[in-house]
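Going from the sequence shown to my numbering is simple: count from 1 and add 22. Where a beta carbon is used, it is the ideal one built from N, C-alpha and C, also for glycine. Read through the structure below, which is laid out as structure tokens, and then see the notes.
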Amino acid sequence: MEEQNGGWEYLDLLRTELLKQREIYLALREGCGENVCYKPYKDKEWGTQDANYTARLRLAYYLLYEGEGDEKSIVWLFREELKDREQNSFQGIGSALEILTFLLKKYNEGNKYGDLFVRAKNANFDCACGYDAELVISEDLAENNFLDCIYLCQDLEYKPEMEILVAQWKDSIKEWDEGTREDLIRFYTFLGKNEENESLYLAQLELAKSGKLRDLVLQYERIIRYYIEMEKIGIAHQYLDEARGCADEKTIRGTGLFQRIFEEAFEIVYLEKERTLDTEKTKELWEWAKQASAELKNWYGNLYTKAIAAAKAVEDPYVSQLERKYRAWEKTWGKSLRKIWKK
């Protein structure tokens, strides 16, 4: 990429968006923090979340890179971020907490905010393991390279800007390899351009065929999942049949990767029956998954529920055995998992 207007074009694109945070910062200084305060809500899949996390993260990056900020506002933002770290079901440390810690340290004469840093360390399990109040973060936006800026746009949910940068980055790649394809898969997935990932997954699968068995099973699992999500169940079934060739290998049988292959096999059986796409192949897949998965020692919630759904779809009495095992699993693990989820 060539420099334009005395700076890198991709940096200018990101900075333009960050500068829009100035109005939010000025409002916060006047006592209006509605757009960046902790705002919890319950998500059916992810539990307790914060509707304003991204808005607070954008403001934190603005303060970091533009050298703005005052002590009162940063303390207030830090406390709001702590609420999210303490209550969020996903836990994690998060970039917002790290940036606000770095900014708050500038006002920590006599360790007057030491109690807040201790509270952050104890906010959740991830913070206890990895939070560092002494972390130093660069305040120079220009130290971010092209890929850094793409990932920043993703974290900050600047999708239009990210799409522009991804297109430019893609055009700059002269020779594609496993790493660059993985990057593009992640970008396209985030941007909702999953249709364009098909050729990338296929290329990754072909590459894996000349490598380690574990990597091959991983790529089969990914491409099967891709076609299920794209509602191309027939193609997903074809690749699952290919993946079954790996099932006889003792080195891979019973691993977490192959558990997901079984999970997807059950899902395909259920979906084919639901959509009246079932054939003798559906029945044969069910019998294989039923028998082969019986050797697994470690089952989990999704594997049980999908196996039960498939068994009901094919009207196999085996469903009663699966349901008994699932109830026993829930009795052992379900309550503790739900308890963690509700925190």
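Contact check for A73 against R107 fails: the beta carbons are separated by 8 Å or more. In this structure, DSSP gives D72 an extended state, which the three-state scheme calls strand. The beta carbon of R247 is closer than 7 Å to those of E286 in its chain, skipping five residues each way along the sequence. Take the alpha-carbon of T327 and the one of S342: they are about 12 Å apart.
Exclusion of the five residues before and after I245 leaves Y223, L227 and Y261 as the residues of its chain whose Cβ lies within less than 6 Å of its Cβ. Around the Cβ of A350, a 10 Å sphere holds fewer than 16 other Cβ atoms; the residue is exposed. For Y84, the CB contacts under 6 Å within the same chain, skipping 5 residues up- and downstream, are L40 and Q43 in chain order. In the displayed model, P62 falls within a strand according to three-state DSSP.
The beta carbon of G55 sits closer than 7 Å to the beta carbons of W98 from its chain, once the five residues preceding and following it are set aside; these are given in chain order. The region 57-77 makes no contact with the region 128-138; the number of CB pairs closer than 8 Å stays below 3. Residue R37 holds the alpha-carbon nearest to the alpha-carbon of E165 among Q109, R37 and L318. According to the DSSP assignment, T301 belongs to no alpha helix (DSSP H), since it is labelled neither H nor E. Annotation: the continuous alpha helix (DSSP H) that includes K181 extends over K181 to S194. Just measuring C-alpha positions, the residue of Y173, A118 and L174 sitting nearest L157 is A118. In the DSSP assignment, L174 falls within the alpha helix (DSSP H) that extends over F168 to D177. For the pair Y129 and E103, the CB atoms are not nearer than the 8 Å cut-off. A direct Cα-Cα distance of roughly 9 Å separates A230 from Y242. Within the same chain, and ignoring the five residues on either side of I250 in sequence, the residues whose Cβ sits closer than 8 Å to its Cβ are A258, E286, E289, I290 and L293. Minimum Cα-Cα distance from E161 among the listed residues L125, K215 and S232 corresponds to L125.
For the 8 Å CB-CB criterion, L50 and S111 do not form a contact. When the beta-carbon positions are compared, L86 and I121 come within less than 8 Å of each other.
Straight across, the Cα-Cα distance linking E67 with K181 is about 23 Å.
Following the DSSP letters along the chain, one finds N146 in no alpha helix (DSSP H), marked with neither H nor E.
Comparing C-alpha distances from K312 to each of R297, T298 and D338 shows the shortest one belongs to D338.
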